[in-house]
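J.: Take the sequence shown: its position 93, counted from the start at 1, is 93 in the working numbering, and no numbers get skipped.
Don't be surprised by glycine CBs; every beta carbon is placed ideally from N, CA and C.
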Amino acid sequence: MTKSTNRIIIAILAAIIAAAIAFVIYSQFAGGQGGSAGSSSIDYSIQPSLGSDDAPVKIALFEDFTCGHCATFTENILPQLKDDFLENGEAEFFFINNQFLGANSLMAGMAGECAYEQDEALFWDYKTVLMRAQNRVTYGPKGLSELVSNVPGLDATEIETCLEERRHIDTVNADLALGRGLGVTSTPTVFVNDQMVETNGRSDPSYEAISAAVNAALATAGN
Numbered sequence: 001m002t003k004s005t006n007r008i009i010i011a012i013l014a015a016i017i018a019a020a021i022a023f024v025i026y027s028q029f030a031g032g033q034g035g036s037a038g039s040s041s042i043d044y045s046i047q048p049s050l051g052s053d054d055a056p057v058k059i060a061l062f063e064d065f066t067c068g069h070c071a072t073f074t075e076n077i078l079p080q081l082k083d084d085f086l087e088n089g090e091a092e093f094f095f096i097n098n099q100f101l102g103a104n105s106l107m108a109g110m111a112g113e114c115a116y117e118q119d120e121a122l123f124w125d126y127k128t129v130l131m132r133a134q135n136r137v138t139y140g141p142k143g144l145s146e147l148v149s150n151v152p153g154l155d156a157t158e159i160e161t162c163l164e165e166r167r168h169i170d171t172v173n174a175d176l177a178l179g180r181g182l183g184v185t186s187t188p189t190v191f192v193n194d195q196m197v198e199t200n201g202r203s204d205p206s207y208e209a210i211s212a213a214v215n216a217a218l219a220t221a222g223n
């Protein structure tokens, strides 16, 4: 075999290897985009939930407590979804941290987990309080625990201690990693039965887009 032939064979092999690497990189990138989940999967059993465990549809909310769009979603869209799909037992809601906006959002995420540790139902009330307190609260153990006065039943002292100990930092970071694995790049991001709801150019998914996804999931479950 001549040197010229060797060069040709080596060049072909190099091209094949390069193409294979490019395909793998593209596949990993594409898997985290669009309306489907990436390589990760959601373990619903460890997330704060609201509604019946027997509901055929699971709605996962990836949110940041310091995100203005999340606050708007909490006030304007989530109540509609609850009225239409929670009360009749068709959907169960889950909150998943996507605290990616810095130290304040990280602290708020830990505060939410501290509330969840005390009472799962009251977590949802505290979640609303955290959203409404944006730009008005000091994001430290003292300031976040003082918000508990708006949620009767939660222990403010325990929240403060929990935050000082940074008890749930690993949980918040694990949720963030989960979101990245699923292709979450903004908040709020909503999944319906493990499928990402498209925003269609909006900053957040509309009520119409989410309800359409839920109704489609219900139809599938019915079949």
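Counting along the chain, where does the alpha helix (DSSP H) carrying Phe123 start and finish?
T.: It spans Glu120 to Arg132 - the alpha helix (DSSP H) in which Phe123 sits, taken as one unbroken run.
J.: Near Ser105, what residues of its chain come up, given a Cβ to Cβ distance below 7 Å and the 5 sequence neighbours on each side ignored?
T.: For Ser105, where only same-chain residues beyond five positions count, the Cβ hits under 7 Å are Asp64, Phe65, Thr66 and Gln99.
J.: How long is the line joining the alpha carbons of Gln195 and Val148, rounded to whole angstroms?
T.: When rounded, the distance between both Cα atoms is 34 Å.
J.: Going by DSSP, name the residue or residues bridged to Met196.
T.: Answer is Phe191.
J.: For Lys142, which residues from the same chain have a beta carbon less than 8 Å from its beta carbon, with the 5 sequence-adjacent residues on both sides left out?
T.: Closer than 8 Å at the Cβ level, and outside the excluded window around Lys142, lie Glu160.
J.: So, with DSSP's three-state summary, where would you put Val184?
T.: Reduced to three states, the DSSP call for Val184 is coil.
J.: What separation, rounded to the nearest whole angstrom, lies between the Cα atoms of Asn135 and Gly102?
T.: Each residue's alpha carbon lies about 14 Å from the other.
J.: Exposed or buried, Thr189, counting other C-beta atoms within 10 Å across all chains shown (16 or more means buried)?
T.: It is buried - the Cβ of Thr189 has at least 16 other Cβ atoms within 10 Å.
J.: Locate the beta strand (DSSP E) running through Ala91, then write down its first and last residues.
T.: Note, Ala91: beta strand (DSSP E), Ala91 to Asn97.
J.: Is it the case that the segment 70 to 85 contacts the segment 115 to 124, given that we only count it when at least three CB pairs across the two stretches are under 8 Å?
T.: No, because fewer than three Cβ pairs between the segment 115 to 124 and the segment 70 to 85 fall closer than 8 Å, the two stretches do not touch.
J.: If you run the structure through DSSP and keep just helix, strand and coil, what is Val137?
T.: In this structure, Val137 counts as coil in the three-state DSSP scheme.
J.: Suppose contacts are defined by Cβ-Cβ distances below 7 Å. Is Ile59 in contact with Ala91 by that definition?
T.: Cβ distance < 7 Å, so Ile59 and Ala91 count as in contact.
J.: In chain order, what are the residue ranges of uninterrupted beta strand (DSSP E) at least 3 long that sit wholly in the segment 32 to 76?
T.: Those beta strand (DSSP E) runs which fall completely within the segment 32 to 76 and span 3+ residues are 57 to 63.
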